[in-house]
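K.L.:
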Amino acid sequence: MAGKNPKSWDLGGKNFEELASEAAKFKGESLWQDAWRRLKANRTAWWSLLFLGVFMTIAMIAPLMPIPSPVFLDLQLEPQPPIWPWTNFGTGGFEPQYWELSALDNFMVDTRVAIFGDWQTGPWLGTDGKGRDILSRIIWGSRTSILVSLAAAFCSLAIGVSYGAVAGYLGGRIDNLMMRVVDILYSIPFIFLVIFLITIVNEYRAELEDNYGIDRETVFYVVIGAVYWLTMARVVRGQVLSLRNQEFIEAARVLGASTARIVFVHLVPNVLSIVIVYLTLTIPAVMLFEAFLSFLGLGIEPPKVSWGILAVDGSEMVNPVKLYWWLVLFPAGAMGTTLLALNLLGDGLRDALDPKMRGRD
Amino acid sequence: MSSAPLLDVRDLHKHFPVGEKGLFGAHKQLLKAVNGVSFSLERGQCLGLVGESGCGKSTVARAVVGLHPATSGSIRFDGNELVGLSTRGWLPYRRKIQMIFQDPYASLDPRQTVSSILTEPSKIHGLSKPRERKLHAMQLLEAVGLNPRHINRYPHEFSGGQRQRIGIARALALEPELLICDEPVSALDVSIQAQIINLMGELKERFNLSYLFIAHDLAVVRHICDSVAVMYLGRVVEQASRDEIFNDPRHPYTKSLLSAVPVPDPELERARERIVLEGDVPSPLDPPPGCSFAPRCPWRHEVPDDRCNREIPELVERDGRKRSCFLPLAH
Chain X
1 MAGKNPKSWD LGGKNFEELA SEAAKFKGES LWQDAWRRLK ANRTAWWSLL
51 FLGVFMTIAM IAPLMPIPSP VFLDLQLEPQ PPIWPWTNFG TGGFEPQYWE
101 LSALDNFMVD TRVAIFGDWQ TGPWLGTDGK GRDILSRIIW GSRTSILVSL
151 AAAFCSLAIG VSYGAVAGYL GGRIDNLMMR VVDILYSIPF IFLVIFLITI
201 VNEYRAELED NYGIDRETVF YVVIGAVYWL TMARVVRGQV LSLRNQEFIE
251 AARVLGASTA RIVFVHLVPN VLSIVIVYLT LTIPAVMLFE AFLSFLGLGI
301 EPPKVSWGIL AVDGSEMVNP VKLYWWLVLF PAGAMGTTLL ALNLLGDGLR
351 DALDPKMRGR D
Chain C
362 MSSAPLLDVR DLHKHFPVGE KGLFGAHKQL LKAVNGVSFS LERGQCLGLV
412 GESGCGKSTV ARAVVGLHPA TSGSIRFDGN ELVGLSTRGW LPYRRKIQMI
462 FQDPYASLDP RQTVSSILTE PSKIHGLSKP RERKLHAMQL LEAVGLNPRH
512 INRYPHEFSG GQRQRIGIAR ALALEPELLI CDEPVSALDV SIQAQIINLM
562 GELKERFNLS YLFIAHDLAV VRHICDSVAV MYLGRVVEQA SRDEIFNDPR
612 HPYTKSLLSA VPVPDPELER ARERIVLEGD VPSPLDPPPG CSFAPRCPWR
662 HEVPDDRCNR EIPELVERDG RKRSCFLPLA H
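Structure below.
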C-alpha cells in the first residue's frame, strides 16, 4: 500500500528539521506585501494615506490638544474672523466644557489640563456666531465622521462580506433567496425610514431612553449599519460567483474542505482586495450621508458637533450683508480634503491590488 | 484480473440543465455531457481517457471525484458505491481519491503559501501535529522535485511547471490510491510536459498509484497509459490496452482519430491512408437516436437495416477489449 509504508517517505535521509530552519531564509512575498510596495510607490495614494493617518490621529487625541472647547460660548455680537496664528497664542483660560464624554476622553481632558494648564490656541480659524472656536469644532466634528465610518465599515465587513460570500458560494435557490432579501432592504427608502424612526424616537424620547436605552444616535447608527452592508454583499457575491468555479476551490472540495472553510479560508481572502477598495469608496459616501442627515436635523444633535452641523451653522450665517466666509470655507475645506484623500487612496489601492498590475511599478 | 477493479464506472450519466428558465419553471433543455459511460481501471494501472474537446472527459473526472453529482449510473471504488454519497460519506474516500487539475495558474490559491497549500489536506482530515505537517509538506516538495527550502513562497513566485508540481504534491498529501488527472499537462510547454509526465510515471511506481489520465494528446497517452478508453459525445466507444488501441483500433471513431495524428516521417505521412470525417460533432443537447458516431461514420452503410441510426450499440467485451459498434470485428 502506498503511504502506509513509511519507507516511501524516507527521502535520502535528508534532515528536514534542518531544511525547515533553512527555509526561513526563503521568505516569499505575498500579494499583500507586493500591493503595499506598489501603494508606497504611488505618490498621490501614499500622501493621501499619510494625510488620513494624521487626520485620524488628531481626531482621536482631540481632548489632549490645547484647543478651546468646541461648545464654550462667548456671546459676542458677531463671529470673529480668523487671525494669523502667530499673532495670538494662548489667549483666554481653558474652560473644560463638553457634552457627556467617555471615561477615556475625560482622562485625556484631565491629562491635557495637567500638561498645558490654561494655555490654549487662539481663534486661528475664527469663531462662529456664539463665539465657539471653528478649529476646535472641525476637529471634534471629525470624530463623528470617523465613528460613522467605522460603524459602516464594520457592518460592511462583518455582515456584507460573509453574507455575500455565502450566497455566492452556495448559489442556486439559497443565493436567490438571500439576494432577494438584499433587494427588499434596498427598496426601502432610507431617508423616509430615518425621518420616520427619528420622529418616533423624538415622540417617546424619555420613555425609550429610560426603558430601553435607545436614543437618537443609536437609531442613527443602526440605520447606517443596516444600509451600508447591502452593496458590499452584492459586490462580494459577484466576485465569489466568478471565483467559486476556479480550480483551487474545486481542489479544496476534492480535499474534503467544509463549506465554512472554503468560504472563509479560500474565498474571503481572495475577495478582500476588492472589499478594501470598495470600503475606501464607501466611507466618503457614509460621511456625506451623516452630514446630510445632520444638516436636515435628523442626525447628531447639538451640543454635539459633526460636520453636518457645522455646515448648517455656516449656511445660516451666509447673507448678503456680511460674508462670514470662514464659517463655510473651513468646515467645507476639511470635509472636501478628507473625501478627496479617501477617493485618491481608493484609486491607488485599486491599482495596487489589481493582480494584473503585479510586477509593475 | 479476478479481483474487482479499483475503479468501475457503469452507465454513468451526467446531464446539465441549460437554456432559458422561467421564474419557477423548469429548464427547457438537458445537456447530456456524459451519456452512459462505462469503463474500468485496475489497481496500479494508468487508464487514459481520450476524446476531442467537449466529449465529456472532464465531466467524467469531476463526477468520479464527486464535484458534479452523477445524474444516474454507478461509480464503484474498490467495490464501494460512490454515487449518492453525502458530503460526510465522501470524507473517507477523499483520502483515497485525489485530483490533479489542468490549469496550474488557477488550481493554487494565490493568497496561500506553498506551506499552507500542502498542509491544508492533513489539517482538514486532522491527520498529524502542526510541526509534522510542515515536515511532511517539505517531503512532498522533495518528492515532486522541488526545493523544500522554498516552502514559504507563494504560488506566483513559481513557473507553470513548478506550480503543476505543487498541485501534484497537494494531491499526494493524503497518500491517495487513485489520482484523477484532468489534462495535467495540456496547459504546459512541450518541454515541461515531458518532465511532468516522467515525474508522474516515477510517482506511480514509488507510491503505488493508479491514474485515470484524461488527455486529448495521444502521444502523451501512449507514453504513460497502460490502457485507453476512447470517448465520443458522452460515451465510451472503445476500451483496450494501449498497444491494441494504437496498433489495431477496432472502432471507426478510434481509427479516424488515430489517422489524424501526423507522422513525423514525410514519406510515411504522404503514403498513409487518412480518414477524413464529414460533418461536425452532433450537439450533446440533441444527440442522434442511434450510435452517436453514426451520422459521420464512413462505414455506417455496411451495417444492414440502417441499424446504426436506430439502435445504440452496447459496449461489448470480446477478446479482452471492449467496443461499441455493430460492424463485424474483422473490419
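In order, the protein sequences belong to chains X and C. In this text, residue positions in the first sequence follow the numbering used here: the first is 1, and each later residue adds one. In this text, residue positions in the second sequence follow the numbering used here: the first is 362, and each later residue adds one. C-beta: ideal position from N, C-alpha, C; glycine also.
C:Thr-474 versus chain X: which residues are under 8 angstroms apart at the beta carbon?
P.N.:
Per Cβ cutoff of 8 angstroms: Gly-28 and Ser-30.
K.L.:
Taking 7 angstroms as the CB-CB cut-off, is X:Gly-256 touching chain C?
P.N.:
Judged by the 7 angstroms Cβ criterion, X:Gly-256 is in contact with chain C.
K.L.:
Which two residues bound the contiguous alpha helix (DSSP H) that contains X:Phe-248?
P.N.:
Start and end: 247-255.
K.L.:
For chain C, check one thing: does any of its Cβ atoms lie closer than 7 angstroms to the Cβ of X:Ala-363?
P.N.:
Because chain X spans 1 through 361 in this model, residue 363 of chain X falls outside it and cannot be assessed.
K.L.:
Pull up the distance between the alpha-carbon of X:Asp-74 and that of X:Pro-68, whole angstroms please.
P.N.:
Their Cα atoms are separated by approximately 11 angstroms.
K.L.:
What residue does the alpha helix (DSSP H) around C:His-497 start on, and which one ends it?
P.N.:
Element bounds for C:His-497: 491-504.
K.L.:
Does any C-beta atom of chain X lie closer than 7 angstroms to the C-beta of C:His-511?
P.N.:
For C:His-511, the answer is yes, since a Cβ of chain X falls inside 7 angstroms of its Cβ.
K.L.:
C:Gln-459 touches chain X at which residues, Cβ-Cβ below 7 angstroms?
P.N.:
Correct list: Val-254.
K.L.:
Please determine, among C:Thr-474, C:Leu-539, C:Gly-681 and C:Glu-675, the residue with the shortest C-alpha to C-alpha distance to C:Arg-437.
P.N.:
It is C:Leu-539 whose Cα lies nearest to the Cα of C:Arg-437.
K.L.:
In angstroms, rounded to a whole number, what distance separates the CA positions of C:Arg-668 and C:Asp-641?
P.N.:
Taking the straight line from one Cα to the other gives about 21 angstroms.
K.L.:
Beta strand (DSSP E) containing C:Asp-543: first to last residue?
P.N.:
Unbroken beta strand (DSSP E) run through C:Asp-543: 539-543.
K.L.:
At which residues does the beta strand (DSSP E) containing C:Tyr-593 begin and terminate?
P.N.:
Note, C:Tyr-593: beta strand (DSSP E), 588-593.
K.L.:
Answer yes or no: the CB of C:Leu-496 versus the heavy atoms of the ligand NAD, is any distance below 6 angstroms?
P.N.:
Summarising the ligand content, the structure contains no ligands, and the ligand NAD is consequently not present.
K.L.:
Kindly indicate the opening and closing residues of the beta strand (DSSP E) around C:Pro-378.
P.N.:
Element bounds for C:Pro-378: 368-379.
K.L.:
Considering X:Glu-316, what are the terminal residues of the alpha helix (DSSP H) in which it resides?
P.N.:
Segment 307-317, the alpha helix (DSSP H) holding X:Glu-316.
K.L.:
Within the same chain, show all residues whose beta-carbon is closer than 6 angstroms to that of X:Ser-306, passing over the 5 residues directly before and after it, in chain order.
P.N.:
Hits under 6 angstroms: Gly-141, Thr-144, Ser-294 and Ile-300.
K.L.:
Look at the alpha carbon of X:Ala-252 and the alpha carbon of C:Ala-576, and state the distance between them as a whole number of angstroms.
P.N.:
Going from the Cα of X:Ala-252 to the Cα of C:Ala-576 covers about 23 angstroms.
K.L.:
Which residues of the stretch 467-497 of chain C have a Cβ closer than 7 angstroms to any Cβ of chain X? Give them in chain order.
P.N.:
Going along the stretch 467-497 of chain C in chain order, one finds Ala-467, Ser-468, Leu-469, Asp-470, Pro-471, Arg-472, Thr-474, Glu-481, Pro-482, Ile-485, His-486, Lys-495 and Leu-496 with a Cβ nearer than 7 angstroms to chain X.
K.L.:
Answer yes if the stretch 258-278 of chain X comes into contact with the stretch 196-210 of chain X, meaning at least three C-beta pairs across the two stretches below 8 angstroms, and no otherwise.
P.N.:
With a cut-off of 8 angstroms, the stretch 258-278 of chain X and the stretch 196-210 of chain X do not count as touching, because too few Cβ pairs lie within range.
K.L.:
Among C:Phe-400, C:Arg-404 and C:Val-398, which has the Cα closest to the Cα of C:Arg-570?
P.N.:
It should be noted that the sequence gives Leu, not Arg, for residue 570 of chain C. That would be C:Arg-404, whose Cα lies nearest to the Cα of C:Leu-570.
K.L.:
DSSP state of C:Lys-683, grouped into three classes?
P.N.:
Here C:Lys-683 sits in strand by DSSP.
K.L.:
Report the neighbours of X:Asn-319 on chain C: residues whose CB is nearer than 8 angstroms to its CB, in chain order.
P.N.:
Per Cβ cutoff of 8 angstroms: no residues; X:Asn-319 is ~57 angstroms from chain C at best.
K.L.:
Can you tell me the Cα-Cα spacing of X:Ser-30 and C:Asp-543, whole angstroms?
P.N.:
Roughly 28 angstroms between the two C-alpha positions.
K.L.:
Using a Cβ cut-off of 7 angstroms, pull out every chain C residue sitting near X:Phe-264, in sequence order please.
P.N.:
Ordered by position in chain C, no residue passes the 7 angstroms Cβ test against X:Phe-264, which lies about 12 angstroms from the chain.
K.L.:
Could you tell me which uninterrupted alpha helix (DSSP H) segments, each at least 4 residues in length, are contained entirely in the stretch 97-141 of chain X, listed from first to last along the chain?
P.N.:
Runs found: 103-116.
K.L.:
Excluding the five sequence neighbours on either side, which residues of its own chain have a C-beta within less than 7 angstroms of the C-beta of X:Asn-5, listed in chain order?
P.N.:
Any answer about X:Asn-5 is weak, because its pLDDT of 44 lies below 50 and its placement is not dependable; what the coordinates show is given next. The answer is none, since no qualifying residue turns up.
K.L.:
Quick one: give me the first and last residue of the alpha helix (DSSP H) that X:Ala-334 is part of.
P.N.:
Unbroken alpha helix (DSSP H) run through X:Ala-334: 325-353.
K.L.:
Suppose you measure from the CA of X:Ala-2 to the CA of C:Ser-685; what does that come to, to the nearest Å?
P.N.:
Confidence in X:Ala-2 is poor, its pLDDT being 40 and thus under 50, which makes the residue's placement too unreliable to answer from.
K.L.:
Measure the C-alpha to C-alpha separation of X:Thr-280 and X:Gly-346 and round it to an integer number of angstroms.
P.N.:
Straight-line Cα distance between these residues: approximately 5 angstroms.
K.L.:
Between which residues of its own chain and X:Ile-146 is the CB-CB distance below 7 angstroms, once the five residues before and five after are set aside?
P.N.:
Same-chain partners within the cutoff: Met-56 and Ala-59.
K.L.:
In this structure, how does DSSP classify C:Gly-445 when only helix, strand and coil are distinguished?
P.N.:
C:Gly-445 falls in the coil class under three-state DSSP.
K.L.:
Beta-carbon separation of X:Gly-308 and X:Ala-334 under 7 angstroms?
P.N.:
No. Outside cutoff.
K.L.:
Can you confirm whether X:Asn-245, when its beta carbon is compared against all beta carbons of chain C, has any partner nearer than 7 angstroms?
P.N.:
So no, X:Asn-245 is outside the interface.
K.L.:
Is there a Cβ of chain X sitting closer than 7 angstroms to that of C:Lys-418, yes or no?
P.N.:
Closer than 7 angstroms: no.
K.L.:
What did DSSP end up calling C:Phe-400 once you bin it into helix, strand or coil?
P.N.:
Residue state, collapsed to three classes: strand.
K.L.:
Would you say X:Pro-284 lies against chain C (beta-carbon separation less than 7 angstroms)?
P.N.:
So, not an interface residue.
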